[in-house]
Amino acid sequence: VACLAVADGAASNLRVGTCDTAVPPYILIAEDLSLSGFEPQLWVELYKKLSDEVSEGTDSELKLLVGTTAPTIQLMPLADLKAAVISNQLDIAFCGLELTADAVFLYDHSASFHERVLQGIILNNGRDVS
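Quick look at the structure:
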């Protein structure tokens, strides 16, 4: 059985993006383009958990994908962000916890997201007017 070790500090091969416009309090972008806010903080915690769980497993391909150092988050316009997810140019994207009629069908919103967020979606002739 072949075993592949991932060195500490190995860069993640996950492709992560967020919108290039601040969406307070979810995404805040400083002048130096550093990110803060709820979603970047959530991503840091999720990556830590993912990295810890993958490091304990035996799937070498997954270990190479996740790495031991969080990936750089790419900033891009929302329309490009959506297109990048759809075309598999990004693995993960976040931008203000968007929940629209289109997003419900395009993205995987976990059950816990739907259970905890109080938000309604109203359709008017197929257009989201929430």
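One gets this note's numbering by counting positions in the sequence shown from 1 and adding 6 to each. From the three backbone atoms N, C-alpha and C, an ideal C-beta is built for every residue, glycine too.
For residue i, the three-state DSSP class (helix, strand or coil)
i           : result
residue 42  : strand
residue 71  : helix
residue 17  : strand
residue 90  : helix
residue 139 : With the chain covering 7 to 136 only, the question about residue 139 has no answer from this structure.
Other residues of its chain near residue i: CB distance less than 7 Å, five sequence neighbours each side excluded
i          : result
residue 20 : 71, 72, 77, 97, 98
residue 60 : 68, 69, 72
Buried or exposed (CB count within 10 angstroms, at least 16 for buried), residue i
i          : result
residue 92 : exposed
residue 75 : exposed
residue 23 : buried
6 Å Cβ shell around residue i - same chain, five flanking residues per side excluded
i          : result
residue 45 : 32, 33, 100
Run of the beta strand (DSSP E) containing residue i, from where it starts to where it stops
i          : result
residue 24 : 22-25
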